[in-house]
Each structure stands twice: as C-alpha cells, then as structure tokens.
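K.L.:
Pasting a structure below so you can have a look.
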Amino acid sequence: MTRFPLGPLWWFVAVGSALGLVVIAIGEVRAGGYLLAVVLGLTGIFRISLPDKAVGALAIRSRAGDGAALIILAIVVAILFSILKLTPLPA
3 MTRFPLGPLW
13 WFVAVGSALG
23 LVVIAIGEVR
33 AGGYLLAVVL
43 GLTGIFRISL
53 PDKAVGALAI
63 RSRAGDGAAL
73 IILAIVVAIL
83 FSILKLTPLP
93 A
C-alpha cells in the first residue's frame, strides 16, 4: 500500500476548521461560522487555481467540480450562520 500525501492545503483546511470550531465553542458562534465559511471558500479558490499535485488529498474529482462544491458549501455555511438566531430562549 502506498502512502498518499495529504499536502499543505489539507492541513490549512484541518487547522482552519478546528480554529473555527474553537471560536464557536468559546461563544462567538457567528464569527466561528464565518471563519469556517472563509476557510471553505479559500480552499475552493485554491483547488481551482492550484495544480492537482499541490492540493494533495483534496483532489477528489475534477478541479472545477471540487472548487465549485467547496465554494457553494462556503456560501451556504455563511448564509446559515448569518440567519442564525442567537437570542436565548425564554425561560
């Protein structure tokens, strides 16, 4: 079995997503969600603009398909976190 290199972009996604989840966990839900959306959007742009060898394990399908899926997911995440109601429920 050969080892498939993850590549630096995979680590960008992992660290950026973990950072977004930490921001959500400390109470800044909207900011953490926007951070996740930015990470996904940048990953989509990088996937479209960089060659397959540079993106490593993020190269799943075609360059355009992967990039479009990541950018659409980033837009959806940003919209969901922008309409999220953050007021506490009445007791």
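Read in order, the letters of the sequence shown are residues 3 to 93 in this note's numbering. Beta carbons are placed, not taken as given, at the ideal position from N, Cα and C, and that holds for glycine.
(1) Please name the residue, chosen from Leu37, Val31 and Val15, that lies closest to Thr45 on a Cα-to-Cα basis.
(2) In whole angstroms, give me the CA-to-CA distance for Leu52 and Thr89.
(3) Buried or exposed, going by whether 16 or more other CB atoms sit within 10 Å of the CB of Asp68?
(4) Classify Lys55 as helix, strand or coil using the three-state DSSP reduction.
(5) The alpha helix (DSSP H) spanning Ala71 covers which residue range?
(6) What are the boundary residues of the alpha helix (DSSP H) that Ala16 is part of?
(7) Give every residue of the same chain whose Cβ lies closer than 6 Å to the Cβ of Phe48, excluding the five residues on either side of it in the sequence, and list them in chain order.
P.N.:
Quick look at the numbers:
(1) Minimum Cα distance to Thr45 is reached at Val15.
(2) Distance between the alpha carbons of Leu52 and Thr89: 41 Å.
(3) Here Asp68 is buried: its Cβ has 16 or more other Cβ atoms, across all protein chains shown, within 10 Å.
(4) Reduced to three states, the DSSP call for Lys55 is helix.
(5) Per DSSP, Ala71 belongs to the alpha helix (DSSP H) from Arg65 to Ile85.
(6) For Ala16, the enclosing alpha helix (DSSP H) has its first and last residue at Pro10 to Ala27.
(7) Leu11, listed in sequence order.
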